[in-house]
Amino acid sequence: MAETKKVLIAEDSSVIQNLTKKILMMQNYSIHSAKNGEQVLKALESESFDIILMDINMPKMDGMECTRAIRALDDKEKSAIPIIAITGNAKNYSIEDFKEAGINEYLQKPLNFDQLVETVKKLTQ
C-alpha cells in the first residue's frame with residue numbers, strides 16, 4: 056500500500072477545517088491543522104508535509120504572506136511543498152497574484168469537496 060500523504064490544513068474556521076479533515080481522512084490522508092500562518096511556519100519547523108491547504112484570510116499572518124515565507128525557506132524540500140489557496144474572496148486576487156506568491160492552485164469557498172480531493176490527489180502524486 057502507498058504511504059499516507061501528510062496534509063496541513065491552514066484554516067481559521069473550525070467548521071471548514073473539520074469538514075475538510077473528514078473528507079481527506081476518508082481518502083486516507085494524514086491530517087494536521089493550523090489556525091493561522093504563524094502556526095503553519097511553526098509546524099514546518101518540526102515536520103514535513105506533502106501539501107498545504109492555505110486559507111487566504113487568516114488572523115496573525117494571512118495565507119499570501121505565509122506562502123511567501125514558505126517559498127523563502129532555506130530547506131529546498133519544504134519551500135517547494137505544493138500549496139492550494141482556499142479563499143472566499145478570490146475576486147480580490149488575480150491568478151498572477153497567487154502565482155507570484157507561489158501558490159500552485161486555488162479553490163473557491165464554498166468548497167467543492169470533489170474538486171478538493173481531485174486537486175489534492177493531483178498535486179501529491
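Quick note on our numbering: the sequence shown kicks off at 56 and runs consecutively. Backbone N, C-alpha and C fix where the C-beta goes; we use that ideal spot for every residue, glycine too. All of these numbers come straight from a predicted model, not from anything done at the bench.
Rounded to whole angstroms, the gap between the alpha carbons of E120 and M109 is 11 Å. If you look at L171, you'll find it isn't in any beta strand (DSSP E); it sits in the alpha helix (DSSP H) that goes 168-179. Close CB contacts of K60 within its chain, under the 6 Å cut and outside five residues either way in sequence, are with Y84, D105, T179 (chain order). Runs of beta strand (DSSP E) with 3 or more residues, each lying fully within the stretch 57-143, are found at 61-65, 85-89, 106-110, 138-142, listed in chain order.
Judged by beta-carbon spacing, V172 lies beyond the 8 Å limit of I107, meaning their Cβ atoms are not closer than that value. Going by DSSP, I150 is part of the alpha helix (DSSP H) stretching over 150-156. With a cutoff of 8 Å on beta-carbon distance, E160 and T174 are scored as near each other.
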